[in-house]
Amino acid sequence: MKRIVLATNNRHKVKEIGFILSELGIQVLTPNDLRISFSAEETGSTFAENAFIKARELFRLTKLPSIADDSGICVSALGGEPGVYSARFGGPGLKDEDRALFLLEKMKENSDRRAHYTCVIAYVDETSEQSFEGRCEGIISEEYDRIGMYGFGYDPIFIYPPFQKPFSQVPEAEKIRFPIEKRLWNNS
């Protein structure tokens, strides 16, 4: 089985990406699995730049094929915000729910609810660097979903039209059949 190190210890991302890659016969390791301290400051101005910053740093530390993703939600009515700042939107110390509620507050007077998730995956090994980008188009809901139990981040306020409900109400096994992450991981 091929081994790849994933540049995150985020348990939600590890679960989602690990599920996809295990179907391809790839074992996903994390910095925690390798007992290394990993932190890469996301100073890029694009999703691709941030993904490569993380993948390159992890490869430097492990010398193993490394993958990183950077993703975020981009809202049309907000000029693409929060974009690359999705994980820090609203300021430091906010939890996922607080960020989503902050976004809903900013959208309160907007009738244009169009948004998309963008995800860039960067791969780095000793001989090559590659990246893959995808988008998942949807809309921002009017309110925060408190009944869904799946997903994380902005999933409780992001509605993917084929489902007609927030991502937070869609089980992982069903959700990954559609969004960009699975298509990207299968092509990388």
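Per our numbering, the sequence shown starts with residue 1364, numbered consecutively. Even glycine gets a Cβ: it sits at the ideal position worked out from N, Cα and C.
Take Asp1518 as the anchor and find which of Pro1529, Pro1524, Glu1379 has the nearest alpha-carbon. Along the sequence shown, read from residue 1 onward, the residue named residue 1518 stands at position 155. Ranked by Cα distance from Asp1518, the first of Pro1529, Pro1524, Glu1379 is Pro1529.
Give the single residue among Ala1418, Glu1537, Gly1456 whose Cα lies nearest to the Cα of Pro1525. Residue mapping note: residue 1525 aligns to position 162 of the sequence shown, counting from 1. Pro1525 has its Cα closest to that of Glu1537, out of Ala1418, Glu1537, Gly1456.
Assigned secondary structure, Glu1489 (DSSP; H/G/I helix, E/B strand, else coil): The residue labelled residue 1489 in the question sits at position 126 within the sequence shown. Under the three-state reduction of DSSP output, Glu1489 falls in the coil class, being neither helix nor strand.
Among Val1391, His1479, Ala1463, Gly1454, the one whose alpha carbon lies nearest that of Ser1429: On the sequence shown, position 66 is the one that residue 1429 refers to. Among Val1391, His1479, Ala1463, Gly1454, the Cα nearest to that of Ser1429 belongs to Val1391.
Give me, in chain order, the residues of the same chain whose beta-carbon lies closer than 7 Å to that of Gly1443; leave out the 5 immediate sequence neighbours on both sides. Counting from 1 along the sequence shown, the entry for residue 1443 is found at position 80. Sequence-distant partners of Gly1443 (beyond 5 residues in either direction) whose C-beta falls short of 7 Å from its own C-beta, in its chain, are Cys1437.
Buried or exposed for Lys1426, going by 16 or more other Cβ atoms inside 10 Å? Locating residue 1426 in the sequence shown gives position 63, counting from the first residue. So Lys1426 counts as exposed.
Identity of the residues DSSP links to Phe1521 by a beta bridge: Counting from 1 along the sequence shown, the entry for residue 1521 is found at position 158. Under DSSP, Phe1521 takes part in a beta bridge, and its partners are Ile1503.
What do you get for Gly1514, buried or exposed, if any count of 16 or more other CB atoms within 10 angstroms of its CB means buried? Residue mapping note: residue 1514 aligns to position 151 of the sequence shown, counting from 1. Classification of Gly1514: buried, given that the 10 Å Cβ count is 16 or more.
Using the C-alpha atoms, what's the distance from Thr1371 back to Ser1402? Within the sequence shown, the letter at position 39 stands for residue 1402. Within the sequence shown, the letter at position 8 stands for residue 1371. Inter-residue distance for Ser1402 and Thr1371 is about 9 Å (C-alpha atoms, whole angstroms).
On the three-state DSSP scale, how would you describe Gly1360? The requested residue 1360 does not occur in the structure, where the chain is confined to residues 1364 to 1551.
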